[in-house]
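Enquirer:
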Amino acid sequence: MDLLQKKFGTEDMILLEQLSEDSLVDNLKTRFAHDEIYTYIGNVIISVNPYKPLPIYTPEKINTFKNCKIFEMSPHIYAIADEAYQSMRDQDKDQCILITGESGAGKTEASKFVMSYVAAVCGKSAEVTRVKEQLLQSNPVLEAFGNAKTVRNDNSSRFGKYMDIEFDYKGEPLGGVISNYLLEKSRVAKHVTGERNFHIFYQLVSGCPDDLLKKLKLERDCSKYIYLNEDINALDGMEDATAFAVVRHAMLTIGFSENEVASVLEIVAFVLKLGNIRLDTSNQTNSADSCFVNNIKALDGICEMIGLDSSILEHALCNRTVEAKKDKVATTLTVSQGYYARDALAKNIYNRLFNWIVNRINESIKVQGVKHKKVMGVLDIYGFEIFEDNSFEQFIINYCNEKLQQVFIELTLKEEQEEYVREGINWTQVNYFDNAVICDLLENNLTGILAMLDEECLRPGQVTDATFLRKLNKVCAGHKHFESKETTNARHIYDKTLPANCFQIKHYAGKVTYNTTGFVDKNNDLLFRDLSKAMFCAKHALIKSLFPDGDPRNSSLKRPPTAGSQFRASVSFLMKNLHSKNPNYIRCIKPNDRKAPSIFTDAIVHQQVQYLGLLENVRVRRAGFAYRQVYDQFLKRYKMLSKETWPKWEGKDRDGVLAIVAALQIPSDEYAFGRTKVFIRTPQSLLLLEERRKQRLSELVTIIQSMFRCWKCRREFLKMRESQIVISAWYKRHLEQNRYRQKKASTLIIQAYIRGWKARRQLHELKQDKRLNAAAATISAFWKGYQVRKEYRKYFRTDATRIICNFIYLKILQAYFKGLKKSLPSMSPSDKSWPPVHYKYLTGMHQELRKIFYAWKCKKYREQFTPEKKAIFEEKLYASELFKDKKALYLRSVPQRFQGDYLDVKKNPKYQKLSSAVDSQIIVSETVDKINRSNGKSTPMLFLVTKSHCIFADPSSAKTKDVISLTDIAQLSTSKYSDGIIALHLKQSATAGSKGDFLFISNHVIEVVTKLHRMLLTTTKEKVNLQTVNEFTVRFKKDNVSVKVMEAAERNGTKLTCKKKNSHTLEITVQKE
1 MDLLQKKFGT EDMILLEQLS EDSLVDNLKT RFAHDEIYTY IGNVIISVNP YKPLPIYTPE
61 KINTFKNCKI FEMSPHIYAI ADEAYQSMRD QDKDQCILIT GESGAGKTEA SKFVMSYVAA
121 VCGKSAEVTR VKEQLLQSNP VLEAFGNAKT VRNDNSSRFG KYMDIEFDYK GEPLGGVISN
181 YLLEKSRVAK HVTGERNFHI FYQLVSGCPD DLLKKLKLER DCSKYIYLNE DINALDGMED
241 ATAFAVVRHA MLTIGFSENE VASVLEIVAF VLKLGNIRLD TSNQTNSADS CFVNNIKALD
301 GICEMIGLDS SILEHALCNR TVEAKKDKVA TTLTVSQGYY ARDALAKNIY NRLFNWIVNR
361 INESIKVQGV KHKKVMGVLD IYGFEIFEDN SFEQFIINYC NEKLQQVFIE LTLKEEQEEY
421 VREGINWTQV NYFDNAVICD LLENNLTGIL AMLDEECLRP GQVTDATFLR KLNKVCAGHK
481 HFESKETTNA RHIYDKTLPA NCFQIKHYAG KVTYNTTGFV DKNNDLLFRD LSKAMFCAKH
541 ALIKSLFPDG DPRNSSLKRP PTAGSQFRAS VSFLMKNLHS KNPNYIRCIK PNDRKAPSIF
601 TDAIVHQQVQ YLGLLENVRV RRAGFAYRQV YDQFLKRYKM LSKETWPKWE GKDRDGVLAI
661 VAALQIPSDE YAFGRTKVFI RTPQSLLLLE ERRKQRLSEL VTIIQSMFRC WKCRREFLKM
721 RESQIVISAW YKRHLEQNRY RQKKASTLII QAYIRGWKAR RQLHELKQDK RLNAAAATIS
781 AFWKGYQVRK EYRKYFRTDA TRIICNFIYL KILQAYFKGL KKSLPSMSPS DKSWPPVHYK
841 YLTGMHQELR KIFYAWKCKK YREQFTPEKK AIFEEKLYAS ELFKDKKALY LRSVPQRFQG
901 DYLDVKKNPK YQKLSSAVDS QIIVSETVDK INRSNGKSTP MLFLVTKSHC IFADPSSAKT
961 KDVISLTDIA QLSTSKYSDG IIALHLKQSA TAGSKGDFLF ISNHVIEVVT KLHRMLLTTT
1021 KEKVNLQTVN EFTVRFKKDN VSVKVMEAAE RNGTKLTCKK KNSHTLEITV QKE
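Numbered by the working numbering, the letters in the sequence shown go through residues 1 to 1073 in order.
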């Protein structure tokens, strides 16, 4: 199917056959019916709001319009965006895109499409992606805090926004700057039925997580808050919960910290709950009316959120302090004044918060340290508004739209026609409405409405909205665009629809009636100083920073500028900014008042076409030229298209342009020469120039590439050649060095071999001489020996055998002793090993040497002992002689050390009495069990052995019982078993002999008997008999008793039992081991 058959209506209304307002509207209607919402008027695009999503904004569409000329494709907002972007990137011209139209015409959506397109066609690096994401994410944040639902638009911008996007020389975004204009803050406290407050309030209540909602002390019910619209129908279709998550994510993406996001939401909640503060009347003593907060609990809750004492805020809401120089006057407020103060505080906090958010976004997206940058501005500002009740906000908004219309007229209609006249181009004047007279009515410094409003606000005395209206009636009575009840009556025109407290202005878009109620207060924009000071006292860091004027140190009595003067200054700065850039226009049209898709109301569109001046715009474009450029710029851009002008033109710029046009054979009716500029009539001719320039640039690029490649290849060749020379030199040097090293190594090897051969030959000769000398000496010796033996044989023949045997015997002994020296055992006395002997006749000597070596080894070992250790070993040796292989207990006593004085009698205070009775050294002291002579039972006793006596003592009193002289002991007896039985056999002549012998049991029997036996030997110089038997006889008094020691199994846990069988037998049973 042919592409032309798919087109509906005329894409560029300059090409309409019959030009009239009806044909223009019909063309828009035809295209709108087929979802063709974009139409051109030259390089101006008309956008009709479809009120529905269309599949024309896909990534594929973006790629289609990328780097295409504006008239090569069907009309689309992407074409305007691409044209502006290419002009900025390639021609180094700052651009601005002006999006105008009345409220509900789709300006905000158009600005989003422009920004999304620019973001899509830029670079893809990580830093560029981050910047683009920040720029795009600023939209949902500003929409949430600055947009609201109105009767005409569900997402109406209630502030003006101008964004400068800054690019580098490659056309990649670096950052941007956002300027905002006059937020409609009155909407915070009041809005008409069917409309909503700012989106963020509903998003916070509907989409806030439960934990955060609880922290902010909010309820998920909009009807609980006075500042929110209680009309449920006004909330339909708004996905607030989803939007809240989007806004929060966008703030974090831009660069807001979590703490900053939380602080912003806390302030929004504070403003929301501030509207629920209720006031009641209270009478003072002087009968003056005053007010007080009647829901203190709600006041305490919101003050706790920002860290403020509730009494401070209550006082600021119910009282006012007026300062004049050094005087202060404190007054109370009535209920209505209190509510005014409350609402003023809420509006002011929200307005300052919005400005802070804009500044915070600018901090994140601003460009750092780049001097040369290109700029593209996008203007999205509130559209022209005509409501049933229009107040100060609508007046300011419509003033801004008048200024934007004036810019459009100056740059598209007036400026273009004046340019044709200046350049001397034949031209038929096109009439159009110039709204400069309306702008003068609004902003004249002497007689303008804004100037008179400021003058009235600053005038001393009683100032009201009525006095302001009277002043307007007096000054503006003769102006043809101003009407009021008084001025119409004066002209005998009685308009009953015009109220007495209103005035009417004939704007370019039509008549608008403004209600003066609240004009003075809204222009003053006063916030009582008490409220500013109260907010500065808050501990909440963000809200404190929003009120620097509340700081007592910075307090000033100077009156702040009015809202009107601030806005007029902002608009003036905006106009200068727009005039400094190349404009691109998007004119938005609203097809109906019902915000419904597929409905095109002719009357509404006719009105917009009229006040937008679209018909005049088409006429000017049809009669004029599509493109114009000064000669030098045109020559610089297109001089490569003619051989005469390329590469350098020496003549005048006009002649160079003429040469270019002639070379391209452009028809003479397609261009015109002015005094300083050349004019191209149709876009097709301009497209031809651009296409030929593109082709020529491609050719030049090819030539430059070939030259560059030639230069590059030659440079590479020269480098390679130079490198080859260097490498060759180094390689040759390397080869020669290797050859020299090889020759040197070969020479050294040959020298070494020759020297070795000479040395070996000399060594061989020396060895030969030595062998010859040795052989001669041997022969000589043998010969001399032979001569001697022959001479003396007769003398030595009898003793030869003996001498030879002695010699052999000595050699054998020498070898034996040398081998024995090498194989001697260790020096340990326990090591009794001895090397074997190889000659049997040496066996006796070998054994004697073994005994001598062992004795000598033991002597050396003993010499290492200290006297103490020697004494211990002597006692152990003595015990071995007494008990080894005789008593079973002996082996267990060998490793036990002999302590002797186990009771430590000399040091133990318990035995002090016993110690004083002993006059010599204590050899043994321990507790023993003495066996009773009468019944065989044992009794504990203390047993001591000194150098002269054996002593038995009472263990409790330490009193001596028996003292036995060592000379009285005749014999000692013990058993062979592992018991501690000791028997002391006394002489009959002994002093203690009358009682008989002593029989007792010791825990250290080996040690006691050993020490006692040695002491007896030392004292008596005689060796006392020690018998180790299992049966022996003891004498008890005058009777002899036989003691029998037997082994048996343990019974009743007793290891040893004594039992007297009769008067002559005592049986001792020992546990069997």
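Backbone N, C-alpha and C fix where the C-beta goes; we use that ideal spot for every residue, glycine too. Model, not experiment: these values are computed from the prediction.
Rounded to the nearest angstrom, what separates Ile381 and Ser103 at their Cα positions?
Expert: Going from the Cα of Ile381 to the Cα of Ser103 covers about 10 angstroms.
Enquirer: Considering only residues of the same chain and omitting the five flanking positions on each side of Ser948, which have a CB-CB separation below 8 angstroms?
Expert: Result list for Ser948: Ser920, Ser965, Leu966, Thr1019, in chain order.
Enquirer: For Glu260, which option in Asp82, Thr193, His540, Ser746 has the closest C-alpha, if you only look at C-alpha atoms?
Expert: His540
Enquirer: Determine the direct distance from the alpha carbon of Lys224 to that of Leu279, and round the result to whole angstroms.
Expert: 17 angstroms
Enquirer: Taking the beta carbon of Trp649 as the centre, do at least 16 other beta carbons fall within 10 Å, making it buried, or is it exposed?
Expert: buried
Enquirer: Is there contact between the segment 1062-1072 and the segment 1033-1047, where contact requires at least three CB pairs shorter than 8 angstroms?
Expert: yes
Enquirer: Check for me: the alpha helix (DSSP H) holding Val114 runs from which residue to which?
Expert: Note, Val114: alpha helix (DSSP H), 107-121.
Enquirer: Between Phe468, Gln462, Asn435, which has its C-alpha nearest Ala451's C-alpha?
Expert: Ranking Phe468, Gln462, Asn435 by Cα distance to Ala451 puts Phe468 first.
Enquirer: Given Leu687, which residues of its chain have a CB within under 6 angstroms of its CB, disregarding the five upstream and five downstream residues?
Expert: Lys69
Enquirer: With three or more C-beta pairs closer than 8 angstroms as the rule, is the segment 177-189 touching the segment 120-134?
Expert: no
Enquirer: Classify Pro583 as helix, strand or coil using the three-state DSSP reduction.
Expert: strand
Enquirer: Which whole-angstrom value describes the C-beta separation of Ser206 and Ala241, a residue pair presumed to lie in contact below a C-beta threshold of 8 angstroms?
Expert: 5 angstroms
Enquirer: So, is Val918 buried or exposed, given that buried needs 16 or more other C-beta atoms within 10 angstroms?
Expert: buried
Enquirer: Suppose you measure from the CA of Arg1085 to the CA of Phe159; what does that come to, to the nearest Å?
Expert: Lying before the first or after the last residue shown, residue 1085 is absent from the chain, which here runs from 1 to 1073.
Enquirer: May I have the straight-line CA-CA distance separating Lys581 from Val378, to the nearest angstrom?
Expert: 11 angstroms
Enquirer: Who does Glu166 pair with in a DSSP beta bridge?
Expert: Gly175, Val375
Enquirer: Three Cβ pairs or more, each shorter than 8 angstroms: is that satisfied between the segment 594-606 and the segment 647-666?
Expert: no
Enquirer: Just mark Asp2 as buried or exposed, buried being the case when its beta carbon has 16 or more other beta carbons within 10 Å.
Expert: Bear in mind that the predicted position of Asp2 carries a pLDDT of just 34, short of 50, making it too unreliable to give a figure here.
Enquirer: Check Asn401 in the structure and name its three-state DSSP category.
Expert: helix
Enquirer: Tell me which residues share the same chain as Gln407 and place their Cβ nearer than 8 angstroms to its Cβ, disregarding the 5 neighbours each side in the sequence.
Expert: Checking the sequence, you will find Val at residue 407 rather than Gln. Counting only Cβ-Cβ distances below 8 angstroms, and skipping sequence neighbours, we find Leu98, Met575, Leu578, His579, Pro583.
Enquirer: On the three-state DSSP scale, how would you describe Asp475?
Expert: For the record, residue 475 in the displayed sequence is Val; it is not Asp. Residue state, collapsed to three classes: helix.
Enquirer: For the ligand ZN, is there any heavy atom lying closer than 7 angstroms to the beta carbon of Leu404?
Expert: In the structure on display, the ligand ZN does not appear, and there are no ligands present to speak of.
Enquirer: From the DSSP output, which residues share a beta bridge with Pro940?
Expert: Asp929
Enquirer: Let me know if Asp221 comes out buried or exposed under the rule of 16 or more other beta-carbons within 10 Å of its beta-carbon.
Expert: exposed
Enquirer: With Phe201 as the anchor, note down where its alpha helix (DSSP H) starts and where it stops.
Expert: Start and end: 199-207.
Enquirer: Could you please give the first and the last residue of the uninterrupted beta strand (DSSP E) stretch that includes Ile46?
Expert: That run of the beta strand (DSSP E) goes 44-48.
Enquirer: Could you tell me which of Leu1026, Lys1021, Ile982, Val1024 sits nearest to Val1005, measuring between CA atoms?
Expert: Ile982
Enquirer: Based on the DSSP output, what are the partners of Leu98 in its beta bridges?
Expert: Leu98 is bridged to Leu379, Tyr585.
Enquirer: Extract the residue ranges of the alpha helix (DSSP H) inside the segment 431-516, only unbroken runs of 4 or more that lie entirely within it.
Expert: 436-443, 449-458, 465-475, 485-490
Enquirer: Could you spell out the range, first to last residue, of the alpha helix (DSSP H) harbouring Ser87?
Expert: 77-91
Enquirer: Tell me the rounded alpha-carbon separation between Gln751 and Ala775.
Expert: 35 angstroms
Enquirer: Could you check what DSSP says for Ser920 in three-state terms: helix, strand or coil?
Expert: coil
Enquirer: May I ask you to report which of helix, strand or coil DSSP gives Phe159?
Expert: coil
Enquirer: Only counting the same chain, and skipping five residues up and downstream in sequence, which positions put a Cβ closer than 8 angstroms to that of Ile589?
Expert: Leu28, Ile46, Ser47, Val48, Asn49, Gly101, Ala105, Val605, Gln608, Val609, Leu612
Enquirer: Can you give the Cα-Cα distance for Gln971 and His985, rounded to whole angstroms?
Expert: 5 angstroms
Enquirer: Quick check on DSSP: helix, strand or coil for Cys537?
Expert: coil
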